[in-house]
Amino acid sequence: MTAPRERSTRRHRPKLAAVQFNPAFLNGQVVSISRFTNGNPVPAGVYDVDLSLNGKAQGQREVQFVAMADSDVAEPCFTIAALRGLGVDVDKALRSRVESAGAVTGDATGSAAFYDDGQCVRLADLVPDARAEFDLAELQLDITVPQASIVQTPYGYVSPALWDAGIKAGLLQYNFTTYSANQSGADVSSAYLGLQLGLNLGQWRFRQRSTLDWNSNVGGMRWNNLATYVERDLTSWRSRLTFGDSFTTGEVFDSFSVRGVQISSEDRMLPDSMRAYAPIVRGVAESNARVIVRQNNDILYETSVPPGPFELGDLPAIGYGGDLRVTVEEADGRRQTFLVPFAAVPNLLRPASRGSTCPQVSTAISSFSMSRGWCRRRSSVV
């Protein structure tokens, strides 16, 4: 973080040389002007400022400026809660501090190790590559935080808080056919009825699928219970819980009918952009930069990032092979290019994005299915 100074462009600027004032112009008055040697410092206090983060307006905020030790310069500080509200990945920054201090814990937040949620913290103490520039005349505070330290939202993500289980409803779908023929002077008839029943009550869903066959030659009806079960979603686990007669997922081995309890992951709870494998692209920008990702000379993804480390974790599904060529175009026209090797096999899982705000993908993406019960026969005669 730099000392507050006049508002500047978003690219890095060389540090200004110290300014020396001639005290003779003050007509002999005893006034200390040393604090203005390195610019126009901001007095400590609370200011209503127009805040922007990485060039995006965040509205008017009340920000406290605290004086630095042994200095006349005051710098902005923020509470942990305020930084979370701005979209800064506070948990990731705190984990980095815990790990660097050699006190690795399983606590996802780790805030107790260094800061209380209400404690005012210098942004640079939490995110070393972050910068703040304050225009005192305009009361404009511009904050620059590396893209990798900002909470990322995958394309197509919808918060589980907005999910709706739907209304109470009953479902019925049927298919009925008959057949008659004369075979070698004998009349042959058959009939078929297929049923799909359902009932939705809150988070629970009942489903039943069965068929009923009749044939004049056999002399009787045959009822086949394909599936009868109740199920509900487990949102926090990105999975579905099922009780009754159902089928295994069959993603790796052949599917079979089981009577009992089953829990399996549900990919439809993931954003569209996270359902298929794609690598995570990481790099470092030296200024406000444009990042272009190409595969086979086709542009797959393009975005703008602030100075510092960046991480692109929501690349679209891109098939099963072909290295990615990443180009970083700096603000001054310089370019850096590097390759990201990419090869995939079926059912390969997408790596977890450490900066994602999506709880289903921020820590790990997994695919699983577990069943407890008995293999069952799928038909009976009545």
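Our numbering numbers the first residue of the sequence shown as 315 and each following residue consecutively.
In this text, a Cβ means the ideal position worked out from N, Cα and C, and glycines have one as well.
Could you check if residue i is buried or exposed, using at least 16 other CB atoms within 10 Å of its CB as the buried criterion?
i: arginine 552; result: buried
i: leucine 593; result: Sequence inspection shows proline at residue 593; the leucine mentioned does not correspond to that position. Classification for proline 593: buried.
i: alanine 422; result: Since pLDDT at alanine 422 reaches only 43, below the 50 mark, its modelled position is unreliable, and the value read off the structure follows with that caveat. Exposed.
i: glutamine 433; result: exposed
i: serine 494; result: exposed
i: threonine 556; result: buried
i: leucine 662; result: exposed
i: methionine 258; result: Shown here, the chain extends from 315 to 696; a query on residue 258 therefore has no answer.
i: glutamine 497; result: exposed
i: arginine 582; result: exposed
i: alanine 462; result: buried
Check whether the Cβ of residue i lies closer than 8 Å to any Cβ atom in chain E.
i: glutamate 643; result: Here chain E cannot be found, since the structure has a single protein chain.
With distance defined between alpha-carbon atoms, name the residue in the options nearest to residue i.
i: asparagine 539; options: Phe448, Thr525, Val360 and Ser550; result: Thr525
i: leucine 486; options: Phe656, Leu507 and Glu600; result: Leu507
i: serine 366; options: Met382, Val377, Val360 and Ser410; result: Val377
i: alanine 438; options: Asp430, Ser498, Asp612 and Ile457; result: Ile457
i: glutamine 650; options: Ala631, Val598 and Ile613; result: Val598
i: glycine 627; options: Pro585, Arg375 and Thr491; result: Pro585
i: asparagine 531; options: Ser504, Ser473 and Arg521; result: Ser504
i: glutamate 565; options: Asp547, Ser681 and Val642; result: Ser681
Report the three-state DSSP secondary structure of residue i (helix, strand or coil).
i: serine 601; result: coil
i: arginine 409; result: helix
i: valine 418; result: Bear in mind that the predicted position of valine 418 carries a pLDDT of just 44, short of 50, making it unreliable; the figure below should be weighed with that in mind. Coil.
i: isoleucine 519; result: Sequence inspection shows arginine at residue 519; the isoleucine mentioned does not correspond to that position. Looking at arginine 519 - three-state DSSP - the assignment turns out to be strand.
i: isoleucine 577; result: strand
i: threonine 699; result: As shown, the chain starts at 315 and ends at 696. That puts residue 699 outside it, with no answer to give.
i: arginine 582; result: helix
i: tryptophan 477; result: coil
i: glutamine 466; result: strand
i: serine 524; result: strand
i: serine 587; result: helix
i: valine 459; result: coil
i: valine 654; result: strand
Expressed to the nearest angstrom, what Euclidean distance is found between the alpha-carbon atoms of residue i and residue j?
i: threonine 563; j: serine 569; result: 6 Å
i: glycine 359; j: leucine 476; result: 39 Å
i: phenylalanine 624; j: isoleucine 464; result: 9 Å
i: alanine 407; j: serine 601; result: 21 Å
i: serine 701; j: methionine 684; result: In the structure displayed, the chain extends from 315 to 696; residue 701 sits before or after that span and is not available.
i: phenylalanine 561; j: arginine 411; result: 47 Å
i: glycine 635; j: alanine 657; result: 4 Å
i: valine 363; j: leucine 453; result: 5 Å
i: leucine 629; j: alanine 444; result: 25 Å
i: arginine 608; j: threonine 617; result: 12 Å
i: alanine 388; j: glycine 373; result: 22 Å
i: leucine 653; j: proline 468; result: 23 Å
i: alanine 483; j: glycine 499; result: 49 Å
i: aspartate 501; j: asparagine 529; result: 11 Å
i: glycine 512; j: glutamine 522; result: 6 Å
Cβ-heavy atom distance between residue i and the ligand FMN below 7 Å?
i: glutamate 545; result: The ligand FMN is absent from the structure shown, which contains no ligands of any kind.
Would you mind reading off the limits of the alpha helix (DSSP H) that contains residue i?
i: aspartate 449; result: Taken as a continuous stretch (DSSP letters only), aspartate 449 belongs to no alpha helix (DSSP H), being part of the beta strand (DSSP E) at 445 to 449.
i: leucine 437; result: 437 to 440
If you follow the beta strand (DSSP E) that residue i is part of, which residue opens it and which one closes it?
i: glutamine 367; result: In the sequence under discussion, the amino acid at residue 367 is leucine, which differs from the glutamine named in the question. 359 to 367 is the extent of the beta strand (DSSP E) around leucine 367.
i: leucine 614; result: 612 to 619
i: alanine 371; result: 370 to 381
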